[in-house]
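Chemist: Let me begin by handing over the structure; questions about it come next.
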Amino acid sequence: MASEITYEELATLIKARAGVQVTVDELADPGCMFLDLGVDSLGVLGVLSDLENRYGVSIDSSDLLGRPVAEFLQTVNSTVKAGA
Amino acid sequence: MSPTRSAVITGVGVVSPQGIGADDYWKALCQGRSALARIDREGCENLPLRIAGLVRGFDAEEYVEPRYLVQTDRFTHFAMAAAELAMTDAGLTPQPDDPFQVAVVTAAGSGGGEFGQRELQHLWAEGPRHVGPYQSIAWFYAASTGQISIRGGFKGPCGVVASDEAGGLDALAHAARAVGRGTDAVLAGAAEAPIAPYSMVCQLGYPGLSTTDDPDRAYRPFGSDAAGFVPAEGGAMFVVEDASTARRRGARTRARIAGHTATFTGAARWADSREGLAHAVRGALAEAHCAPDEIDVVFADALGVPEADRAEALALADALGEHAERVPVTAPKAGFGRAHCGAPALDVAAAVLALEQGLIPPTPHTEDCPYGLDLVIGHPRPAELRTALVLSRGLMGSNTALVLRRA
Chain A
1 MASEITYEEL
11 ATLIKARAGV
21 QVTVDELADP
31 GCMFLDLGVD
41 SLGVLGVLSD
51 LENRYGVSID
61 SSDLLGRPVA
71 EFLQTVNSTV
81 KAGA
Chain B
1001 MSPTRSAVIT
1011 GVGVVSPQGI
1021 GADDYWKALC
1031 QGRSALARID
1041 REGCENLPLR
1051 IAGLVRGFDA
1061 EEYVEPRYLV
1071 QTDRFTHFAM
1081 AAAELAMTDA
1091 GLTPQPDDPF
1101 QVAVVTAAGS
1111 GGGEFGQREL
1121 QHLWAEGPRH
1131 VGPYQSIAWF
1141 YAASTGQISI
1151 RGGFKGPCGV
1161 VASDEAGGLD
1171 ALAHAARAVG
1181 RGTDAVLAGA
1191 AEAPIAPYSM
1201 VCQLGYPGLS
1211 TTDDPDRAYR
1221 PFGSDAAGFV
1231 PAEGGAMFVV
1241 EDASTARRRG
1251 ARTRARIAGH
1261 TATFTGAARW
1271 ADSREGLAHA
1281 VRGALAEAHC
1291 APDEIDVVFA
1301 DALGVPEADR
1311 AEALALADAL
1321 GEHAERVPVT
1331 APKAGFGRAH
1341 CGAPALDVAA
1351 AVLALEQGLI
1361 PPTPHTEDCP
1371 YGLDLVIGHP
1381 RPAELRTALV
1391 LSRGLMGSNT
1401 ALVLRRA
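Okay, here's the thing in structure tokens:
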């Protein structure tokens, strides 16, 4: 059963896949963008494919850098929920 | 090179089996120490290549920020560390107000073999969706130029030289030309990390590779018992600057890049490399306005394959005449191996220090030289050094000569 992915888990994943240390508060800020955090497109792609592999789902990868992180996490969680 | 602008080296950064940082490297070279050892890395134990020069005690995190670490191979870690050391040495800092005045030029042949192998293992073990996105850039031989440029914000005429091992010298010539055309400073050099299972297998087909299992006998260039060469990892980066710009900002000039020529004579055709290398030496001397007898020391390519060693000695005789019998010749890399494109870059670092110190580091391991050269063996030799000639040949046929003058 897939459970909700938290900001803590996302922060851990960003550190592992993109090498960038971020705080939960930064991620939860509604205006926070990946590029502002210093995470580039390949870094976001690494985070995304990790989640896809873990939950066996295909997540909408359009406009990853143009969407706020909060929105990204929302998409991830609704996809995982629908796919579970 | 432009008559009004001339290229000088103001910073030297070294990551080598003989130490990290130019000072440790130089100390080890002058002691004639050997850093050759059995390869003890995981996955490398059962390959017929036993001896290499390994970089020990290198903590990538000390030089490279985490966000670059996750997306780069060890060869880029070496290049980024060497670039950082060279910039510190030169007192050069990123120029956010004038990013187009600084460029980066590197050479590499081996690429990111360790990173690439890891991701290919993911591919075959788990499938394409498990290959990390940074595979797309980390294996690439251009990665080091890209990452150094991104980290420092250097937006000048960056480049990557793909010209075989001699590319380590060609990168410096490329930098000198960029300086001649108006760029203030160029970070230039080469670093490689070819001692990982996949990269090692790629080298097994080289006929000149030494498979001797004794670190003392594996690589004895110019010796009567030469048995081929051993690979190494590491390299060197330099800050190459316009002389007057460097002077204006109060930077110390460590050496001048005076002349360069590159030729090509075909893969592993060592007898033919004689003519190509001689032509390269003549061209480099002409550009440097340097007479053959002004060369005070030669840092030889020193492949350790008898046919190639003979060709190099004959090339020196062809290009320098009788002076070839008198000029001291050395190959410090005999003590730590050939880091492919990084090898001639490390030779340039040694040459810069030799010019400064008036001391020629010896050729470790080699005990004799049957080719009529005055090979410096045993101990370092004090000498008045004003001009150094650095030679490099690639296994695929490139031949390059670079002339350096004392500052």
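Taken in sequence, the protein lines are chains A and B.
Mapped onto our numbering, the consecutive letters of the first sequence carry residue numbers 1 to 84.
Mapped onto our numbering, the consecutive letters of the second sequence carry residue numbers 1001 to 1407.
Cβ coordinates follow ideal geometry from the N, Cα and C atoms, glycine included.
How many Å lie between L1389 (chain B) and F1229 (chain B) at the Cα?
Modeler: Distance between the alpha carbons of L1389 (chain B) and F1229 (chain B): 21 Å.
Chemist: State the DSSP-derived secondary structure class of E1241 (chain B), mapped to helix, strand or coil.
Modeler: Residue state, collapsed to three classes: strand.
Chemist: How about G1200 (chain B) and A1079 (chain B): do their beta carbons lie closer than 8 Å?
Modeler: Gly is not the amino acid found at residue 1200 (chain B); the sequence shown has Met there. No. Outside cutoff.
Chemist: Within a Cβ cutoff of 7 Å, which residues of the same chain sit near M1001 (chain B), ignoring the five residues on either side of it in sequence?
Modeler: Residue placement at M1001 (chain B) is flagged as unreliable, the pLDDT there being 46, under the threshold of 50; the coordinate-derived value follows with that caveat. Cβ within range, chain order: A1007, A1176, R1177, G1180.
Chemist: Please compile the residues from chain A whose C-beta is within a distance smaller than 8 Å of the C-beta of S1136 (chain B).
Modeler: Ordered by position in chain A, the residues that pass the 8 Å Cβ test against S1136 (chain B) are L42.
Chemist: Whose CA, out of B:E1065, B:L1404, B:I1051, lies closest to the CA of G1152 (chain B)?
Modeler: The candidate whose alpha carbon is nearest that of G1152 (chain B) is B:E1065.
Chemist: By alpha-carbon positions, which one of B:V1131, B:P1215, B:A1022 ends up nearest to L1049 (chain B)?
Modeler: The shortest C-alpha separation from L1049 (chain B) is found at B:P1215.
Chemist: Starting from M1257 (chain B), follow the beta strand (DSSP E) in both directions and report where the run begins and ends.
Modeler: Sequence check: residue 1257 (chain B) is Ile here, not Met. Looking at the DSSP string, the run of the beta strand (DSSP E) that includes I1257 (chain B) is 1255–1264.
Chemist: How about the stretch 1091–1099 of chain B and the stretch 1341–1354 of chain B: do they share at least three Cβ pairs that are nearer than 8 Å?
Modeler: Touching, no.
Chemist: Return the Cβ separation of V1104 (chain B) and F1154 (chain B) in integer angstroms, given the expectation that the two are a contact with Cβ distance under 8 Å.
Modeler: Indeed, because the Cβ distance is near 5 Å, the residues count as touching under 8 Å.
Chemist: Of the residues that make up the stretch 30–63 of chain A, which ones have a beta carbon closer than 7 Å to any beta carbon in chain B?
Modeler: Within the stretch 30–63 of chain A, the residues whose Cβ lies closer than 7 Å to some Cβ of chain B are G38, L42, L45, G46, S49, E52, N53, listed in chain order.
Chemist: Between A70 (chain A) and chain B, is the shortest Cβ-Cβ distance under 8 Å, so that the two count as touching?
Modeler: For A70 (chain A), the answer is no, since every Cβ of chain B falls outside 8 Å of its Cβ.
Chemist: Measure the CB-CB distance between G19 (chain A) and Y55 (chain A) and report whether it falls below 8 Å.
Modeler: Not closer than 8 Å, so no.
Chemist: Starting from A18 (chain A), find everything on chain B with Cβ-Cβ shorter than 7 Å and list it in chain order.
Modeler: Near A18 (chain A) (Cβ distances below 7 Å), the residues of chain B are R1067, V1070.
Chemist: Spatial neighbours of Y1206 (chain B) within its chain, please: C-beta separation below 7 Å, excluding the five flanking residues on both sides.
Modeler: Excluding sequence neighbours, Y1206 (chain B) sits near L1395.
Chemist: Counting along the chain, where does the alpha helix (DSSP H) carrying I1051 (chain B) start and finish?
Modeler: Where I1051 (chain B) is concerned, there is no enclosing alpha helix (DSSP H), although the beta strand (DSSP E) it sits in stretches over 1051–1053.
Chemist: Would you identify the three-state DSSP class for S1002 (chain B), choosing helix, strand or coil?
Modeler: Confidence in S1002 (chain B) is poor, its pLDDT being 48 and thus under 50, which makes the residue's placement unreliable; the coordinate value appears in the next sentence. Looking at S1002 (chain B) - three-state DSSP - the assignment turns out to be coil, as it is neither helix nor strand.
Chemist: Is the CB of G1132 (chain B) under 8 Å away from at least one CB in chain A?
Modeler: Interface residue, yes.
Chemist: Determine, using beta carbons only, whether R1338 (chain B) comes closer than 8 Å to chain A.
Modeler: Cβ-Cβ to chain A under 8 Å: no for R1338 (chain B).
Chemist: Along the chain, where does the beta strand (DSSP E) containing L1047 (chain B) start, and where does it finish?
Modeler: Here L1047 (chain B) belongs to no beta strand (DSSP E), and DSSP marks it neither H nor E.
Chemist: Out of B:G1337, B:T1400, B:Q1071, which has the shortest C-alpha to C-alpha gap to E1233 (chain B)?
Modeler: Ranking B:G1337, B:T1400, B:Q1071 by Cα distance to E1233 (chain B) puts B:G1337 first.
Chemist: Would you say I5 (chain A) lies against chain B (beta-carbon separation less than 8 Å)?
Modeler: Not one chain B Cβ lies under 8 Å of I5 (chain A).
Chemist: Give the list of continuous alpha helix (DSSP H) stretches no shorter than 4 residues that lie fully inside the stretch 1022–1101 of chain B.
Modeler: Within the stretch 1022–1101 of chain B, the complete alpha helix (DSSP H) runs of at least 4 residues are 1022–1030, 1060–1063, 1066–1069, 1074–1090.
Chemist: Can you give the beta carbon distance from G1013 (chain B) to A1060 (chain B), rounded, assuming they're within the 8 Å contact cut?
Modeler: Between A1060 (chain B) and G1013 (chain B) the Cβ distance is about 15 Å, and since that is not below 8 Å, they are no contact.
Chemist: For my contact list, A1331 (chain B) and F1222 (chain B) are in at a C-beta cut-off of 8 Å; report their separation, rounded to the angstrom.
Modeler: At roughly 7 Å, the Cβ-Cβ gap stays under 8 Å, so A1331 (chain B) and F1222 (chain B) are in contact.
Chemist: How many whole angstroms separate the CB atoms of D1023 (chain B) and T1400 (chain B), which I take to be in contact at a CB cut-off of 8 Å?
Modeler: With 8 Å as the limit, D1023 (chain B) and T1400 (chain B) do not qualify as a contact, their Cβ atoms being about 27 Å apart.
Chemist: Touch check for the stretch 30–44 of chain A and the stretch 66–75 of chain A: three-plus C-beta pairs under 8 Å?
Modeler: The stretch 30–44 of chain A vs the stretch 66–75 of chain A: in contact.
Chemist: Give me the Cα-Cα distance between V1305 (chain B) and A1226 (chain B), rounded to the nearest whole angstrom.
Modeler: Taking the straight line from one Cα to the other gives about 6 Å.
Chemist: In chain order, what residues of the same chain have a beta carbon less than 7 Å from the beta carbon of Q1071 (chain B), not counting five sequence neighbours either side?
Modeler: Contacts found: Y1134, I1137, A1138.
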